[in-house]
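Numbering follows numbering that gives the first Met the number 0, with no gaps: position 288 of the sequence shown is 287.
Data block below; observations after.
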Amino acid sequence: MERKLEMLKIEALQVVVGIAAGLAITTVLILISLLFMSWIQNNRKKRQERFYAEWEPLLAEASLGSEQMPPLPSLRRRDYISFLLVWNRFQQNLRVESRWGLLQMATDLGMNQVAARMMKRRDETGKALAALTLGNLKDYTRWHLLQTMAERESGLCAQIAAGALAKIDPLRAAPILIPLFVERHEWPQTRVAAILGEMGSSIVSEPLVDAIRKAEEADIPRLLRYIPFIEPHAAVLLVRELLANRDNSEVIAACLIAVRYLEDHKSKDVVINLLDHPGWAVRVQAVNALGRLAGTGDVDHLSRMLSDSNWWVRYRSAQALVGLPFMDPKKLENIKEGQSDRYARDIMAQVIGEEGIGDSR
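Written out as structure tokens, the structure is:
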């Protein structure tokens with residue numbers, strides 16, 4: 000019996016020793032793996048630093064349009080992505096007239112072919128970089144690839160492909176892209192604005208006006224944010240038309256924002272009428288617009304809005320009055336003291352104090 004117990008103890012000890020040895024070996028292997036991964040990352044970082052040190056001066060020289068460019072070093076396949084990243088960065092920071100040398104360099108290195116192949120991969124980041132490259136190269140031969148990506152892809156790839164089309168041929172791109180801007184609610188306003196700016200108001204004005212006229216009411220407020228890219232006269236006529244024919248509160252409020260931006264003084268009577276709109280959001284924008292358009296005869300309209308039931312309307316009315324170019328501290332104090340409503344006096348005192356004008360006690 001004692002011998003059996005001894006045997007069991009020895010077997011248990013062997014198991015424990017085996018487990019400990021296994022854990023030790025596993026720990027050593029993990030440490031070796033971590034050290035190896037760290038070595039790979041450091042090696043990759045150093046290689047990238049050497050790459051940029053070699054190519055950035057060449058890209059800078061190409062951007063200056065130098066006629067005597069030194070022979071280009073060979074570009075390894077593993078460095079294609081690094082080259083395209085730095086090349087596109089140079090493109091973004093240069094004026095159009097300074098880009099010819101960079102275009103020639105990328106073409107000589109076959110980057111148009113590389114980017115075209117990358118467009119067909121599944122990697123979203125790679126496809127986005129490829130689309131950006133083809134746009135900066137103004138590669139007309141890849142138009143169909145870019146249009147397909149803009150129309151069928153989602154997210155960043157589609158947005159960058161749309162921007163590439165705008166760079167290659169704005170006139171041809173406008174009727175393709177503007178319907179996309181209507182449909183793609185999720186596209187950031189800043190990116191859409193950048194693409195419209197790339198094409199220019201002389202190209203996008205007419206199709207954008209047409210798109211807004213035909214858009215669903217729910218889409219009109221969003222699309223009216225792009226009023227700055229419509230020719231001023233066409234924009235004024237569009238906004239007047241919408242104010243005359245639409246009764247949706249969000250559309251009216253968006254139109255009033257546009258009236259303020261356009262400084263359309265002929266719409267002032269419409270703006271004054273909308274001070275009595277049942278929707279407070281409309282009244283706020285009417286006050287904002289009147290603040291931009293008001294003359295000395297419109298002070299009473301703004302003053303009466305100081306007693307509005309909505310705090311924001313009262314606050315914006317006070318701001319509009321304080322911001323009028325012909326106002327002075329004494330006139331503002333008289334307006335405040337002339338209010339029979341306590342809330343009207345309070346809001347005027349608050350805004351006068353915020354602006355640091357006179358004595359708001």
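A virtual CB, placed ideally from N, CA and C, is assigned to each residue, including glycine.
In this text, all values refer to a predicted model and were calculated from it rather than measured experimentally.
Linking T295 to F325 through their CA atoms gives a straight-line distance of about 8 angstroms. Contact between S316 and V286 holds: their C-beta atoms lie close to 5 angstroms from each other, under 8 angstroms.
Listed in chain order, the alpha helix (DSSP H) runs fully inside the segment 195-255 are 200-213, 219-222 and 231-244, counting runs of at least 4 residues. Of all alpha-carbon atoms in A257, A157 and L101, the one lying nearest the alpha-carbon of I175 is that of A157. Counting the other CB atoms within 10 Å of its CB gives N92 a total below 16, which places it among the exposed residues. Assignment of A161 by DSSP, reduced to helix, strand and coil, places it in the helix class. Leaving aside the five residues that flank V113 on each side, the residues in its chain whose CB is nearer than 6 angstroms to its CB run, in chain order, Y79.
Nearest neighbour of M110 by Cα position, chosen from A127, E123 and L133, turns out to be L133. In chain order, A252, L255 and I256 place their CB closer than 6 angstroms to the CB of Q284, counting only its own chain and leaving out the 5 sequence neighbours on each side. It is roughly 17 angstroms from the alpha-carbon of R291 to the alpha-carbon of P227. Your pair Y225 and L207 checks out as a contact, with CB atoms roughly 6 angstroms apart and the cut at 8 angstroms. Comparing C-alpha distances from P72 to each of F50, Q90 and S62 shows the shortest one belongs to F50.
One alpha carbon belongs to D345, the other to P220, and they sit about 33 angstroms apart. Scanning L136, M118, V298 and S81 for the CA closest to the CA of Q103 turns up L136.
Distances from the alpha-carbon of P231 to those of D138, L301, V258 and A59 put V258 closest. Taking R120 as the centre and dropping the five residues before and after it, the same chain places the C-beta of K126 closer than 7 angstroms to its C-beta, in chain order. DSSP places M110 in the uninterrupted alpha helix (DSSP H) bounded by M110 to M117.
Per DSSP, the unbroken alpha helix (DSSP H) holding F82 starts and ends at Y79 to Q91. With respect to the 7 angstroms criterion, I202 and G162 are not classified as neighbours on the basis of their beta carbons. In this structure V298 does not touch V321 by the C-beta definition: roughly 12 angstroms separates them, more than the 8 angstroms allowed. Secondary structure at H276: coil, using DSSP grouped into helix, strand and coil. Residues V321 of the same chain have their beta carbon placed closer than 8 angstroms to that of E354, with the five preceding and five following residues left out of the count. Assigned with DSSP and collapsed to three states, S316 falls in helix. When DSSP states are grouped into helix, strand and coil, D122 belongs to the coil group.
Q188 counts as exposed, since fewer than 16 other C-beta atoms from the protein chains shown sit within 10 angstroms of its C-beta. In terms of Cβ geometry, P169 and M198 form a close pair [threshold 7 angstroms].
Between the alpha carbons of L164 and D246 lies a gap of roughly 37 angstroms. Closest in C-alpha terms to E60, from the list G100, S81, K265 and H143, comes G100. Judged by DSSP secondary structure, N333 falls within the alpha helix (DSSP H) whose first and last residues are P328 to E336. In the DSSP annotation of this structure, G296 is not part of any alpha helix (DSSP H), being labelled neither H nor E.
Taking the Cβ atoms as the reference, V250 lies roughly 10 angstroms from L222, outside the contact range of under 8 angstroms.
K335 sits close to M347, with the two beta carbons spaced by under 7 angstroms. A243 sits away from L261, with the two beta carbons spaced by 7 angstroms or more. Proximity to K213 across E240, F82, R190 and A192 peaks at E240, based on C-alpha coordinates.
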